[in-house]
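Take the sequence shown: its position 74, counting from 1, is numbered 74 in the UniProt record's numbering, and each next residue is one higher.
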Amino acid sequence: MGPDPVQLAALVADGRVTLDPAGARRLRAALARSRARLAVLRGRAEWLRRPLPVGSDSASRRFARQLARRTAGSLSALAAYDRTLRAAEAVVDRASDR
C-alpha cells in the first residue's frame with residue numbers, strides 16, 4: 001500500500017511533490033476510495049446512533065449513555081476527516097489545473 005493520499009496531497013500543497021496527469025488521476029482515485037470508506041463508517045455510526053431499547057437497570061442505562069457519547073465523538077471525527085478529504089481533493093484539482 002502506498003502513502004496516505006491525504007499526506008500526499010499535503011506534500012503537493014507544500015510544493016514538495018508535483019503531479020503529472022496520471023499521478024493526479026491516481027491520487028483522485030485514492031481519495032475517492034477514502035471517501036467511500038468514510039461513507040461506510042458514517043453509515044455504521046449513524047446506525048449506532050438510533051435509540052436503543054434500554055432496560056430499567058442502571059448498567060443498561062450506563063451502557064446506552066456511553067455508546068451515545070462514543071458515537072457522537074465518532075461522528076465528529078468522521079466529519080473532520082470529511083473536511084480533510086475535501087481539502088485534499090481541492091489541492092489535487094488546483095495542482096492538475098497548473
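Note that CB positions come from ideal geometry on N, CA and C, so glycine has one too.
Since this is a predicted model, take the numbers as computed values, not measurements.
Closest Cα partner of residue i within the set the options
i, options, result
"valine 91", "Gly15, Leu48 and Gly55", "Gly15"
"threonine 84", "Val40, Phe63 and Ala32", "Ala32"
"glutamine 7", "Ser96, Ala64, Ser34 and Arg70", "Ser34"
"tryptophan 47", "Ala24, Arg25 and Leu67", "Leu67"
Cβ-Cβ distance between residue i and residue j below 8 Å
i, j, result
"arginine 42", "leucine 78", "yes"
"valine 54", "arginine 61", "yes"
"proline 5", "alanine 88", "yes"
"tyrosine 81", "leucine 38", "yes"
"serine 96", "proline 3", "no"
Reduced DSSP category for residue i - H, G, I as helix; E, B as strand; rest coil
i, result
"proline 3", "coil"
"valine 91", "helix"
Terminal residues of the alpha helix (DSSP H) in which residue i lies
i, result
"valine 40", "21–49"
"arginine 16", "Segment: none, arginine 16 is in no alpha helix (DSSP H) and carries neither H nor E."
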